[in-house]
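**Student:**
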Amino acid sequence: MKPLIEVKNLTIEFFLKNGKLRACDNVSFTIYKNEVLGVIGESGSGKSTLASGILNLVQAPGKITSGEVYYYDEDDKKVNLLELSTDEFNEYRWKEIATVFQAAQNALNPVLKIKEHFIETVLAHDPGRTVEDIIKKAEEVLRYVRLDTNVLEYYPHQLSGGMKQRVLIALSLVLDPKVILLDEPTTALDVITQWYILDLLKDIHERLGVTLIFLTHDISVISGVIDRIAVMYAGELVEFGEVADVFEEPSHPYTKGLLNAIPTLNDDVTQRKAIPGNPPNLTQEFNECKFSPRCSIFLAGECKGSREKTKVMYFVNDTKCTRCYEFAERLTTVKSEEGA
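Right, here's the structure in full:
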């Protein structure tokens, strides 16, 4: 598979009165062309900050303090997006990399018709286009999201929450981007509408070959759509791998805790357990593993929670890596014994 976006050692910090908060801590991973990636983690894990970093949209008091974000064009030439000026980045934003932000239903201007949103968006990035051409393209992408073209004449208040979300997905497609970041795309929608949105996104991916990146706390919603999964905790990437592999054999105690907390239709809900404790205060300095106060292995005295050892990721097989050195050692030892 060919790389599309490569994030290397990305660190994003917020400079506050009471200290420095590291919301994204030395994150590295590669997104491939035509894949569907899921970035999961609870609120405050750094998912949205990561998306802002990729788009170079981090606002004060936040700042990207280190790292690179490389984008690979059609000729496989890579460009460090973080070195571009605002005008230079605008050539990539929406044309190459589009986004649907969290709570996006509230992003539509209530006094503009839907067609005016399309016209404004396109002209902001491609001022040479005619209105007639823009409307024609808008009708095309609305059909992709299963909306009637009459919607162009509607105002936002005339649409349901699910219809607004589909309009914003259509807006993200209007300039034919190669990748779309979707930050909590099903939040505040009922279960049936959530399924419908995910189904049409899967259809768009298959028809257009666009790369999709889901950022969400709801692992159960996106599990049937994504190819690979990245798990974030306290600003760090703690596990990364193919979704089936991660679900069947999680290699980080946080991932295992998340999966154990998800209720299913066939089991006793009372047997599901939440992860004990709370996420750490990210303004503090860490002398041990960030997850150690909540980790069953650490609390059982089976791991020392070395901070130094958790500053890197460990491969447990060819496609999956973890930040938990104890889990990595156990899994690789078991596999070695099985192969002996």
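In the working numbering, the protein residues as written are -7 to 332. Yeah, the Cβ is synthetic: ideal placement off N, Cα and C, and Gly gets one too. Keep in mind the model is a prediction, meaning the values are calculated, not measured.
#1: I need the DSSP call for F232, collapsed to helix, strand or coil.
#2: Going by DSSP, what residue range makes up the beta strand (DSSP E) through T57?
#3: Could you tell me which uninterrupted beta strand (DSSP E) segments, each at least 3 residues in length, are contained entirely in the region 11 to 52, listed from first to last along the chain?
#4: Tell me the rounded alpha-carbon separation between R286 and N270.
#5: What residue ranges within the region 195 to 254 form continuous alpha helix (DSSP H) runs of no fewer than 4 residues, ordered along the chain?
#6: Give me, in chain order, the residues of the same chain whose beta-carbon lies closer than 7 angstroms to that of T25; leave out the 5 immediate sequence neighbours on both sides.
#7: If distances are taken between C-alpha atoms only, which option among P119, I32, C313, Y64 comes closest to V(-1)?
#8: Closer than 8 angstroms, CB to CB, is L274 near chain C or not?
#9: When DSSP labels each residue in this structure, what does S298 get in the three-state scheme?
#10: I'd like to check one pair, M224 with V31: are the Cβ atoms closer than 8 angstroms?
#11: For A130, name the three-state secondary structure that DSSP assigns.
#12: On the criterion of 16 or more Cβ atoms from any shown chain inside 10 Å, does R264 qualify as buried, or is it exposed?
#13: Are M305 and T314 close, meaning C-beta to C-beta below 8 angstroms?
#14: Would you report the Cα separation of V217 and K194, rounded to the nearest angstrom?
#15: Take the Cβ of L8 as the centre, count every other Cβ of all protein chains shown within 10 Å, and call the residue buried at 16 or more, exposed below.
#16: Nearest to R299 by CA position, among C281, I289, C316, is which residue?
#17: If you run the structure through DSSP and keep just helix, strand and coil, what is N279?
#18: Can you tell me whether E83 is helix, strand or coil according to DSSP?
#19: Taking a contact to mean a Cβ-Cβ separation below 8 angstroms, would you say A95 touches A180 in this structure?
#20: If you measure between the beta carbons of G59 and L2, is that distance less than 8 angstroms?
#21: Would you mind stating whether V92 and L160 have Cβ atoms separated by less than 8 angstroms?
#22: Ordered along the chain, which non-local residues of its own chain (more than five positions away) have a Cβ less than 8 angstroms from that of V392?
#23: Three-state secondary structure (DSSP) at N337?
#24: State yes or no: is the C-beta of A226 within less than 8 angstroms of the C-beta of L274?
#25: Assuming T91 is part of the beta strand (DSSP E), what are its boundary residues?
**Tutor:** So, from the listed chains and residues:
#1: Position 240 of the sequence shown, counted from the first residue, corresponds to residue 232. DSSP places F232 in strand when its eight states are reduced to three.
#2: As a working note, residue 57 is residue 65 in the sequence shown. Element bounds for T57: 54 to 64.
#3: 11 to 24, 28 to 32
#4: The residue given as residue 286 occupies position 294 in the sequence shown. The residue given as residue 270 occupies position 278 in the sequence shown. If you take the alpha carbons of R286 and N270, they lie about 8 angstroms apart.
#5: 211 to 214, 235 to 240, 245 to 253
#6: By one-based count along the sequence shown, residue 25 stands at place 33. Note on residue identity: the sequence assigns Lys, not Thr, to residue 25. Correct list, in chain order: M(-7), K(-6), L(-4), T203.
#7: Stepping through the sequence shown from its first residue, residue -1 is reached at position 7. Nearest option by C-alpha distance: Y64.
#8: No chain C appears in this structure, which consists of one protein chain only.
#9: The sequence position of residue 298 within the sequence shown is 306, counting from 1. The answer is strand: DSSP assigns S298 an E or B state.
#10: By 1-based counting over the sequence shown, the position of residue 31 is 39. By 1-based counting over the sequence shown, the position of residue 224 is 232. Cβ distance < 8 angstroms, so V31 and M224 count as in contact.
#11: For the purposes of this step, residue 130 is identified with residue 138 of the sequence shown, where counting begins at 1. DSSP places A130 in helix when its eight states are reduced to three.
#12: Counting from one through the sequence shown, the residue named residue 264 turns up at place 272. The residue in question, R264, is exposed, as its Cβ has fewer than 16 Cβ neighbours within 10 Å.
#13: Position 313 of the sequence shown, counted from the first residue, corresponds to residue 305. Position 322 of the sequence shown, counted from the first residue, corresponds to residue 314. Their beta carbons are under 8 angstroms apart, which means M305 touches T314 by this criterion.
#14: Counting from one through the sequence shown, the residue named residue 217 turns up at place 225. Counting from one through the sequence shown, the residue named residue 194 turns up at place 202. Distance between the alpha carbons of V217 and K194 is about 7 angstroms.
#15: Position 16 of the sequence shown holds residue 8. By the neighbour-count rule (16 or more Cβ atoms within 10 Å), L8 is not buried but exposed.
#16: As a working mapping, residue 299 is identified with position 307 in the sequence shown. Among C281, I289, C316, the Cα nearest to that of R299 is on C281.
#17: On the sequence shown, residue 279 is found 287 positions in, with the first residue counted as 1. Of the three classes helix, strand and coil, the one that applies to N279 here is coil, per DSSP.
#18: Here the question's residue 83 lines up with position 91 in the sequence shown. In the structure shown, E83 sits in coil (DSSP, three-state: anything other than H, G, I, E or B).
#19: Here residue 95 is taken as the residue at index 103 of the sequence shown, counted from 1. Here residue 180 is taken as the residue at index 188 of the sequence shown, counted from 1. It is a contact, given that the beta carbons lie within the stated cut-off.
#20: Residue numbering aside, residue 59 sits at position 67 when the sequence shown is read from its first letter. Residue numbering aside, residue 2 sits at position 10 when the sequence shown is read from its first letter. Yes, the Cβ-Cβ distance between G59 and L2 is below 8 angstroms.
#21: Taking the first residue of the sequence shown as position 1, residue 92 is located at position 100. Taking the first residue of the sequence shown as position 1, residue 160 is located at position 168. Yes.
#22: A question about residue 392 goes unanswered here, because the residues of the chain that appear run from -7 up to 332.
#23: Not covered by the structure: residue 337. The range shown for the chain is -7 to 332.
#24: What you label residue 226 is simply residue 234 of the sequence shown in a count that begins at 1. What you label residue 274 is simply residue 282 of the sequence shown in a count that begins at 1. Closer than 8 angstroms, so yes.
#25: The residue labelled residue 91 in the question sits at position 99 within the sequence shown. Taken as a continuous stretch (DSSP letters only), the beta strand (DSSP E) holding T91 covers 89 to 92.
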